[in-house]
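Everything in the first sequence is counted per the working numbering, starting at 296 for the first residue and increasing by one.
Virtual Cβ for every residue (Gly too), placed ideally from N, Cα, C.
Computed from a predicted model, the values in this text were never measured in an experiment.
To keep things clear, I will list the structure first and then write my remarks on it.
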Amino acid sequence: MLEVAPALLGCVVVHGDCAGVIVETEAYHFTEPACHAYVGVTPRTEVLWGPPGVAYIYRSYGIHALLNAVCEPDGVGAAVLIRALEPLWGVELMRARRRGAAGLTNGPGKLTQALGIELTEHRSSLLTGPIQICAGDPLPYVTGPRIGITKAVELPWRFCAVGSRDVSRPWPPGLLGAARG
DNA sequence: CATGGGATTGACT
DNA sequence: GTCAATCCCATGC
C-alpha cells in the first residue's frame, strides 16, 4: 500500500469521456485509526478487506463522494485515496459539471464531481468497470502528513507529484521530505 | 431506534 | 481566518 500510493502518481483515471493524471494520493491502513477499516469488517468497510483493484467510494460530510482504490490482498483492510488529478480529456464536460467553480480536479471531492463519479460505482472494478485506472510513467514526488484527518495525523502518508499545480493544497517549502521516485 | 462524527468545499468576515 | 451544509453508517441504548 505504501508502494501503491506513490506508484499511482502519473497513472490515468478514466471515467466516461473524462480523464485525468493522478498527482496526489494518501494511503490508509487498518492498523491506524484514520482508516475506515480500523473498526474491522462492517457492511461499510467490507470492500476495503476484499481483493485489490476495486473502487471504495463513500460520502463525506453528507455532500462529497471520495474515491479510493483498494490495494492490499484479500483479508487486509487498506486503500489509497485519490486526492487530486491533472485534467487530461473532457475538460469542457468537467467545467460544466463543476458549474464554473475554480479548480476542476484539485481536491478529492472536486475530482469525483468533475468526472461524474458517484456512490453507485462503489465496489466496481478499477480494471474493467466504469472507472478505470491505467498505468503511467512514475513521477517524482514528496511525502507529508495527510490532510483533513483528526487521528494518526503524524503519519507521512500523503504523496504529491513534484511541481504539479493541481495538488489539493500547497505546502511550506522545506518542511517535507526530499523528492523521490 | 436515536445520535454523533466525519479522508470537504465554498461562501463569507 | 471562520463556519455551515448534509448523508451514511457505526455505535449505544
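Beta-carbon spacing of residue i, residue j below 7 Å
i: ALA379; j: VAL462; result: yes
i: CYS306; j: GLY431; result: yes
i: GLU298; j: ALA360; result: no
i: LEU491; j: GLY372; result: Nothing can be reported for residue 491: it is not among the residues displayed for the chain, which extend from 296 to 476.
i: TYR347; j: CYS366; result: As written in the sequence, residue 347 is Pro, which differs from the Tyr given in the question. Yes, these two residues count as a Cβ contact at 7 Å.
i: GLU321; j: ARG441; result: yes
i: TYR436; j: LEU303; result: no
Residue i versus residue j: straight-line alpha-carbon distance, rounded
i: ASP312; j: ARG392; result: 13 Å
i: PRO425; j: VAL457; result: 29 Å
i: SER420; j: ALA364; result: 9 Å
i: LEU406; j: THR400; result: 4 Å
i: MET296; j: GLU319; result: 14 Å
Cβ-based burial, residue i [other Cβ within 10 Å; buried from 16]
i: ILE377; result: buried
Residue range of the beta strand (DSSP E) that includes residue i
i: LEU303; result: First-last for LEU303: undefined, no H or E at that position.
Residue range of the alpha helix (DSSP H) that includes residue i
i: VAL334; result: Unbroken run through VAL334: none, as it is neither H nor E.
i: VAL386; result: 386-392
i: LEU406; result: 403-410
Residues of its chain near residue i, where Cβ-Cβ distance is below 8 Å and the 5 sequence neighbours each way are ignored
i: ILE358; result: GLY404
Sequence-distant residues of its chain with Cβ nearer than 6 Å to residue i (five each side left out)
i: GLY402; result: SER463
Close Cβ partners of residue i (< 7 Å) along its chain, the five nearest in sequence each way excluded
i: ARG418; result: VAL342, VAL349, ALA350
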